[in-house]
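Chains as they are written, first to last, in this note's numbering: chain E, 2 to 392; chain S, 2 to 392; chain L, 2 to 392.
Okay, here's the thing in structure tokens:
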């Protein structure tokens with residue numbers, strides 16, 4: 002298979018490591034994730050079993066709600082032969098004051114991957130994942146653990162790599178290849194939503210990843226809805242290195258103008274997210290209620306930030322690819338007024354489902370690349386073994 | 002195996018479809034379900050692995066409590082090699098106003114079956130299942146989903162096919178064959194329970210299924226405890242077609258008289274169920290509390306509807322087969338007064354467990370018939386492969 | 002493999018039985034559990050698949066919080082190829098007054114093992130497990146169940162065999178062999194904790210198991226913190242039979258003096274546990290709150306019972322093996338003052354993780370020994386089959 006051969010030519014340093022932030026991985030590693038995902042999907046669609054593990058656990062830790070990512074993680078685990086075991090922190094003894102490093106080892110004696118969603122608090126999610134990763138690294142080196150589970154970021158405060166890589170796979174599939182993305186304009190814009198406290202990790206993940214492949218990424222949001230400065234820095238640097246571009250504006254029209262791809266999506270004002278973290282730490286429920294009122298009022302002043310037909314008409318040939326991580330706030334469907342006009346969404350609906358369909362294979366690719374010493378060789382074994390997935 | 006050969010001779014249209022209402026399936030499809038269940042149970046009991054899938058998900062959606070069906074579904078999934086992933090609507094992002102058709106696709110990228118229990122509201126459960134089925138059908142046809150998951154009704158407002166088919170398998174096993182049921186009298190009767198709001202789907206499922214095999218089905222309940230008119234229509238039509246009979250009375254004695262089989266079981270008055278749906282929609286908690294009082298008072302006036310020794314004595318030779326979907330409300334055991342006298346239940350207890358034991362294999366048969374193009378060929382492959390289930 | 006050959010020479014009566022209380026099993030059965038665990042771990046670490054079952058359920062019933070044991074059970078199930086299905090008593094219909102014997106059968110149609118944690122109430126946990134075991138025994142003998150699931154005690158009011166056997170494996174590994182434990186002194190001592198209502202099953206499990214292998218077990222606790230008299234009886238008898246010793250004191254220093262192993266761990270006063278059970282039965286919440294105050298006050302008077310550096314210095318060569326079932330209450334880390342000084346715990350931390358690492362393999366061994374007729378033959382088949390666990 003061509004994707005497996007291409008994988009052979011890449012120099013990777015993923016085995017025994019984690020997938021936490023895309024900007025900590027090389028271009029080769031990003032490409033390898035897409036290639037492995039493609040190979041796994043190809044095998045799946047031709048009824049060849051992709052079971053790599055005969056036993057073992059995939060542990061899921063969700064500190065926030067999730068449907069898509071939860072099912073994508075479970076699908077990926079099943080594809081490779083792992084059993085999902087969720088760590089429900091309410092049913093565990095963690096309340097006793099147990100340390101993270103201890104819990105991390107206790108759940109890992111037969112564990113190949115630990116998927117974590119922890120996206121509610123700025124400054125928290127990534128550091129928790131890094132702490133878990135350091136703990137299992139120590140446990141493995143000290144002989145406590147028979148294997149070193151890979152920690153996979155299923156959305157943190159900084160990045161949402163399984164989403165942004167699925168998005169990248171969707172872009173490559175839509176435009177023909179990763180190389181075909183060079184010079185294409187992507188508008189990552191804020192959009193109005195009547196909901197409160199949405200994480201910043203999707204736009205941060207998109208601007209830091211798409212700038213690496215020569216895309217011209219235009220970030221647009223109202224004043225106050227800034228992303229974390231370090232992610233803007235990464236986006237600028239990647240754009241410079243790849244020959245792409247990164248622009249930053251407070252004008253949705255400007256971002257949409259001539260765009261090949263639009264990604265209109267709501268997120269919370271950064272200051273609101275910072276204050277929320279502090280108020281939660283102080284258990285200040287009155288303060289939290291007041292902050293929520295403020296946040297919703299701030300959003301309400303930007304109702305005009307909707308991806309409507311007029312704005313879509315201003316994109317390249319009036320037919321930009323519309324992207325969303327789902328669920329979208331669709332005006333008149335899931336809320337009175339939201340991120341996207343119903344007619345725009347309905348036209349693009351199945352394409353957004355296709356966008357989402359890459360996620361299970363991206364996660365399975367991350368598992369394969371971090372847990373197998375020679376992933377191309379493992380994939381070739383699957384091809385030769387040719388066990389039918391469905392008898 | 003004889004059951005596999007018999008399967009060969011049946012003309013089926015189940016592949017790529019759902020199992021929602023037994024009356025939408027042909028007699029051949031009903032027979033096929035029993036034959037496939039029998040074959041799977043035979044393989045299981047002789048330590049031959051019935052694993053058809055090397056990976057893949059079986060999604061469970063329970064909108065009401067369940068023990069038996071939950072474990073039967075999990076057992077069936079395990080028998081065929083699928084991993085259960087539950088969609089807990091409280092832990093998902095569905096509260097955001099996400100549409101059913103979107104959720105249905107998002108949980109289905111590596112999913113072979115979706116089992117749903119949604120039996121609390123008249124007019125709701127079946128339509129929800131049909132909506133999920135239409136959504137995955139669209140997703141599959143549009144290339145979003147690599148496979149088309151089968152939707153399996155684990156109890157809705159209209160029917161409870163995994164229960165009624167397990168009941169039918171139990172009848173066929175007890176009396177020798179499906180054909181031996183011809184002319185046998187089955188009393189499906191209401192019985193007193195101190196509990197409120199039990200669904201109508203079990204009696205509806207029983208009267209619409211057992212009338213198809215020439216049985217003489219006698220439905221009995223107090224005034225006001227009617228079943229949905231369309232299910233009575235189906236029962237009448239099936240009885241006419243099969244040469245059986247369907248009678249409808251408000252006299253428990255009459256139904257029990259000379260019965261070969263009795264199925265005494267409580268359910269809520271139809272009007273109470275209808276009003277409950279409206280009150281819930283209106284979030285009228287005072288109204289709901291009042292309705293519950295009314296419902297319990299209505300039941301309390303029918304305490305005499307108990308399956309006691311006197312009534313059992315009036316059945317054929319005083320030894321009718323006692324059936325129940327469990328758990329039964331047993332007088333003096335699980336409640337002060339209930340559906341069945343303790344002595345009657347205790348005598349029949351193990352038989353009711355055997356009745357329940359068919360459910361995992363019925364569900365596995367539904368999975369096999371809907372997901373495999375040539376189920377008899379698949380079963381034969383399992384026989385020839387002869388992988389031990391336990392090494 | 003040597004451990005498999007040794008297994009051959011043992012006369013066992015575990016097939017078709019349960020693992021509830023170690024003192025109901027012969028020395029040969031205890032040794033067999035350790036040997037099978039060792040063999041499974043060896044296969045696991047050399048990438049040989051230990052999958053014994055091609056399908057089937059491992060049911061988990063947790064009536065108390067758990068992290069370690071929950072994941073150990075899930076790991077063991079995965080190692081042998083079983084799917085975990087949790088019985089969440091809140092989501093089931095058990096509230097309807099369903100009997101335990103009925104539920105036990107309903108969850109067991111494709112079930113190989115049922116793991117139960119029920120440790121909150123003195124006089125309850127073990128009897129519940131025994132009731133479940135009797136129910137599935139009846140179901141199997143009466144032909145309701147195709148196989149007889151083994152009930153595995155994941156902690157009850159009397160014993161915590163998966164913990165004590167993992168502890169025993171850790172001791173054997175640390176000192177070289179089971180026989181090397183002869184004459185070694187183990188101090189099982191109470192320790193201060195600011196928490197309330199910890200079960201008695203860990204110390205009871207330790208004193209009844211370690212006395213069987215010639216160890217000199219010294220039990221120490223403050224007055225009022227007695228263990229159940231029957232467990233002291235077992236410990237005395239085993240010590241007499243094995244040539245070990247069992248002493249009982251209220252002086253922590255005395256227990257630590259010259260000890261080769263120390264196991265300082267908090268538990269609740271027996272009288273408090275007894276009264277709690279009664280108050281809970283009476284739903285006396287005021288009484289429960291008062292009892293909790295008393296219990297915490299009683300603990301608070303014993304703050305000096307800490308495993309600190311001074312006490313550790315009094316052990317053999319000042320370097321006794323420190324054991325704990327985790328999570329420990331570490332002074333200054335997980336609480337202001339607790340069971341163990343931070344410096345002691347930190348020095349022994351990785352060793353306690355190693356102690357815990359045996360539990361998944363101990364549980365898998367219990368599953369293997371209870372479910373396979375000739376476990377040594379099964380293990381040899383795994384060796385010869387040599388399926389890689391990770392392709």
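C-beta atoms are modelled at their ideal positions from N, C-alpha and C, and glycine is treated no differently.
Neighbours of residue 80 of chain E across chain S, judged by C-beta separation under 9 Å: 56, 57, 111. The Cβ of residue 382 of chain S sits closer than 9 Å to at least one Cβ of chain E. Counting only the Cα atoms, residue 332 of chain S lies some 9 Å from residue 344 of chain S.
According to the DSSP assignment, residue 116 of chain L belongs to the beta strand (DSSP E) that extends over 112 to 118.
The alpha-carbon of residue 185 of chain E is positioned some 9 Å away from that of residue 176 of chain E.
Within the DSSP secondary-structure output, residue 324 of chain S pairs in no beta bridge.
Comparing C-alpha distances from residue 258 of chain E to each of E:235, E:203, E:277, E:190 shows the shortest one belongs to E:190.
Apart from the 5 residues on each side of it in sequence, residue 122 of chain L sits with its Cβ closer than 6 Å to the Cβ of 278 in its chain, given in chain order. By the criterion of a C-beta distance shorter than 7 Å, residue 336 of chain L is surrounded in its chain by 195, 330, once the five residues flanking it on both sides are discounted. Within the stretch 140 to 151 of chain S, 140, 143, 145, 147 place their CB atoms closer than 7 Å to a CB of chain E, listed in sequence order.
DSSP places residue 176 of chain E inside the alpha helix (DSSP H), whose first and last residues are 162 to 176.
Residue 119 of chain L is classed as buried because its beta carbon has at least 16 other beta carbons within 10 Å across all chains shown. For residue 152 of chain L, the three-state secondary structure derived from DSSP is strand.
Taking every protein chain shown into account, the CB of residue 321 of chain L has 16 or more other CB atoms within 10 angstroms, so this residue is buried. Residue contact with chain S for residue 164 of chain L: absent (no Cβ-Cβ distance below 9 Å to any residue of chain S).
Taking 9 Å as the cut-off, the Cβ atoms of residue 296 of chain E and residue 193 of chain E do not count as close. Each residue's CA atom was taken as its position, placing residue 42 of chain E and residue 362 of chain E some 6 Å apart.
When DSSP states are grouped into helix, strand and coil, residue 283 of chain S belongs to the coil group.
Beta-bridge analysis with DSSP links residue 264 of chain E to E:189. Counting along the chain, the unbroken beta strand (DSSP E) around residue 62 of chain L starts and ends at 58 to 63. Counting only the Cα atoms, residue 208 of chain E lies some 14 Å from residue 167 of chain E. In summary, residue 38 of chain S is buried, with 16 or more beta-carbon neighbours lying within 10 Å of its beta-carbon over all protein chains present. Three or more Cβ pairs closer than 8 Å define a contact, and the stretch 63 to 80 of chain L meets that threshold against the stretch 57 to 71 of chain E. In terms of beta-carbon proximity, residue 350 of chain L lines the interface with chain E, with at least one pair separated by less than 9 Å.
Residue 219 of chain L sits buried, since 16 or more C-beta atoms from the chains shown fall within 10 Å of its C-beta. For residue 312 of chain L against residue 147 of chain E, the beta-carbon gap comes to about 34 Å, at or over 8 Å, which does not count as contact. Within 7 Å of the CB of residue 45 of chain E, the CB atoms of chain S belong to 147, in sequence order along the chain. Think of a sphere of 7 Å around the beta carbon of residue 361 of chain L: the chain E residues whose beta carbon falls inside it are 110, 111, in chain order. For the options E:370, E:124, E:368, E:305, the alpha carbon positioned closest to that of residue 342 of chain E is the one of E:305. Rounded to whole angstroms, residue 383 of chain E and residue 130 of chain S show a C-alpha spacing of 36 Å. Residue 140 of chain L and residue 53 of chain L have their alpha carbons spaced roughly 24 Å apart. With its beta carbon less than 9 Å from one in chain L, residue 100 of chain E belongs to the interface.
Membership of residue 247 of chain E in the beta strand (DSSP E) is indicated by the continuous run 246 to 250. Residue 30 of chain L carries a helical assignment under DSSP once its states are collapsed to helix, strand and coil. Between residue 267 of chain S and residue 372 of chain S, the alpha-carbon positions lie close to 35 Å from each other. Residue 221 of chain L and residue 280 of chain E have their alpha carbons spaced roughly 46 Å apart.
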